[in-house]
Amino acid sequence: MTKESHEVFDRLFRTIASRRNCPRDDSYTSSLFVGGVDTIGGKVLEEAAELVEAARIKGPEEVIHEAADLIYHAWVLLAEAGVSPTDVREELARREGVGGLEEKRNRK
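The opening position of the sequence shown corresponds to residue 1135 in this note's numbering, with each subsequent residue numbered one higher.
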(Lines of atoms letter the chains of each structure in order from A and count residues from 1; the text may use other names and numbers.)
(Lines give C-alpha, C1' and ligand atoms only; values in the text may rest on other atoms or scores of the structure.)
Protein backbone atom coordinates (compact mmCIF):
# COMPACT_ATOMS: atom_id res chain seq x y z
CA MET A 1 0.00 0.00 0.00
CA THR A 2 1.40 3.34 -0.97
CA LYS A 3 1.37 6.32 1.35
CA GLU A 4 -1.05 7.97 -1.07
CA SER A 5 -3.57 5.12 -0.89
CA HIS A 6 -3.23 4.96 2.90
CA GLU A 7 -4.03 8.66 3.24
CA VAL A 8 -7.17 8.41 1.11
CA PHE A 9 -9.17 7.49 4.22
CA ASP A 10 -8.25 10.72 5.98
CA ARG A 11 -8.89 12.80 2.86
CA LEU A 12 -12.25 11.12 2.36
CA PHE A 13 -13.37 11.84 5.90
CA ARG A 14 -12.25 15.48 5.65
CA THR A 15 -14.35 15.84 2.48
CA ILE A 16 -17.35 14.19 4.15
CA ALA A 17 -17.03 16.46 7.20
CA SER A 18 -16.72 19.53 5.00
CA ARG A 19 -19.97 18.61 3.20
CA ARG A 20 -21.69 18.34 6.58
CA ASN A 21 -20.34 21.69 7.77
CA CYS A 22 -20.64 23.53 4.44
CA PRO A 23 -23.37 21.82 2.39
CA ARG A 24 -23.33 22.09 -1.39
CA ASP A 25 -26.38 21.76 -3.62
CA ASP A 26 -24.44 19.63 -6.10
CA SER A 27 -23.15 17.17 -3.47
CA TYR A 28 -24.53 13.66 -2.93
CA THR A 29 -22.88 13.64 0.50
CA SER A 30 -24.62 16.88 1.47
CA SER A 31 -27.95 15.40 0.37
CA LEU A 32 -27.41 12.44 2.68
CA PHE A 33 -26.94 14.77 5.65
CA VAL A 34 -30.25 16.46 4.85
CA GLY A 35 -31.97 13.10 5.40
CA GLY A 36 -30.21 12.53 8.71
CA VAL A 37 -29.57 9.24 10.44
CA ASP A 38 -32.57 7.49 8.87
CA THR A 39 -31.45 8.22 5.31
CA ILE A 40 -27.77 7.59 5.96
CA GLY A 41 -28.50 4.46 8.01
CA GLY A 42 -30.70 3.13 5.23
CA LYS A 43 -27.82 3.50 2.81
CA VAL A 44 -25.43 1.75 5.23
CA LEU A 45 -27.83 -1.19 5.49
CA GLU A 46 -28.31 -1.29 1.70
CA GLU A 47 -24.58 -1.25 1.02
CA ALA A 48 -23.91 -3.90 3.70
CA ALA A 49 -26.43 -6.20 2.03
CA GLU A 50 -24.85 -5.55 -1.38
CA LEU A 51 -21.41 -6.38 0.03
CA VAL A 52 -22.66 -9.68 1.42
CA GLU A 53 -24.32 -10.51 -1.89
CA ALA A 54 -21.13 -9.68 -3.78
CA ALA A 55 -19.11 -11.93 -1.47
CA ARG A 56 -21.56 -14.79 -2.04
CA ILE A 57 -21.99 -14.71 -5.79
CA LYS A 58 -19.70 -12.17 -7.42
CA GLY A 59 -15.97 -11.82 -7.86
CA PRO A 60 -13.36 -9.87 -5.93
CA GLU A 61 -13.76 -6.72 -8.03
CA GLU A 62 -17.41 -6.40 -7.05
CA VAL A 63 -16.57 -7.12 -3.39
CA ILE A 64 -14.01 -4.29 -3.49
CA HIS A 65 -16.54 -1.92 -5.07
CA GLU A 66 -19.26 -2.72 -2.54
CA ALA A 67 -16.83 -2.54 0.41
CA ALA A 68 -15.80 0.95 -0.72
CA ASP A 69 -19.47 1.98 -0.92
CA LEU A 70 -20.14 0.60 2.56
CA ILE A 71 -17.11 2.34 4.07
CA TYR A 72 -18.08 5.65 2.47
CA HIS A 73 -21.64 5.49 3.78
CA ALA A 74 -20.51 4.29 7.22
CA TRP A 75 -18.18 7.28 7.41
CA VAL A 76 -21.02 9.64 6.48
CA LEU A 77 -22.93 8.12 9.42
CA LEU A 78 -19.89 8.62 11.68
CA ALA A 79 -19.75 12.30 10.69
CA GLU A 80 -23.48 12.67 11.32
CA ALA A 81 -22.97 11.21 14.80
CA GLY A 82 -19.99 13.47 15.54
CA VAL A 83 -17.53 10.57 15.54
CA SER A 84 -14.23 10.54 13.66
CA PRO A 85 -12.16 7.72 12.18
CA THR A 86 -9.59 8.52 14.87
CA ASP A 87 -12.20 7.69 17.51
CA VAL A 88 -12.79 4.34 15.82
CA ARG A 89 -9.05 3.68 15.45
CA GLU A 90 -8.58 4.36 19.17
CA GLU A 91 -11.35 1.92 20.05
CA LEU A 92 -9.83 -0.74 17.81
CA ALA A 93 -6.43 -0.13 19.41
CA ARG A 94 -8.02 -0.51 22.84
CA ARG A 95 -9.47 -3.86 21.78
CA GLU A 96 -6.26 -5.11 20.17
CA GLY A 97 -5.00 -8.26 21.81
CA VAL A 98 -8.33 -8.92 23.53
CA GLY A 99 -10.28 -11.89 22.23
CA GLY A 100 -13.66 -11.08 20.69
CA LEU A 101 -15.63 -13.14 23.20
CA GLU A 102 -13.77 -11.57 26.13
CA GLU A 103 -14.28 -8.07 24.70
CA LYS A 104 -18.03 -8.66 24.42
CA ARG A 105 -18.20 -9.85 28.04
CA ASN A 106 -16.35 -6.70 29.19
CA ARG A 107 -18.71 -4.23 27.48
CA LYS A 108 -20.76 -2.00 29.74
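Beta carbons: idealized from backbone N, C-alpha and C, even for Gly.
Specify the secondary structure class of residue i as computed by DSSP and reduced to three states.
| i | result |
| --- | --- |
| Ser1218 | coil |
| Asp1159 | coil |
| Lys1141 | At residue 1141 the sequence reads Glu, which differs from the Lys that was named. Here Glu1141 sits in helix by DSSP. |
| Glu1230 | coil |
May I ask which residues mark the beginning and end of the alpha helix (DSSP H) holding residue i?
| i | result |
| --- | --- |
| Asp1172 | Tyr1162 to Ile1191 |
Closest to residue i by CA distance: which of the options is it?
| i | options | result |
| --- | --- | --- |
| Glu1180 | Glu1224, Glu1141, Ala1227 and Ala1208 | Ala1208 |
| Val1178 | Asp1221, Phe1143, Val1232 and Val1210 | Val1210 |
| Thr1220 | Arg1145, Glu1138 and Pro1194 | Arg1145 |
| Glu1214 | Glu1141, Ile1150 and Val1197 | Ile1150 |
| Lys1174 | Ile1205, Leu1235 and Arg1239 | First, the amino acid is wrong: residue 1174 is Ile here, not Lys. If we check each option's Cα against that of Ile1174, Ile1205 comes out closest. |
| Val1171 | Glu1224, Leu1226, Arg1239 and Gly1216 | Gly1216 |
If residue i sits next to residue j, beta carbons under 8 Å apart, how far is it from one beta carbon to the other, in whole angstroms?
| i | j | result |
| --- | --- | --- |
| Thr1163 | Arg1153 | 4 Å |
Going along the chain, which residues of its own chain have a beta-carbon closer than 6 Å to the beta-carbon of residue i, five neighbours each way excluded?
| i | result |
| --- | --- |
| Phe1167 | Arg1154 |
Near residue i, which residues of its chain fall below 7 Å by C-beta distance, leaving aside the five closest residues on each side in sequence?
| i | result |
| --- | --- |
| Ala1201 | Leu1185 |
Using C-beta distances below 8 Å, list every residue in its chain close to residue i, excluding the 5 sequence neighbours before and after it, in chain order.
| i | result |
| --- | --- |
| Asp1203 | Glu1181, Glu1184 and Leu1185 |
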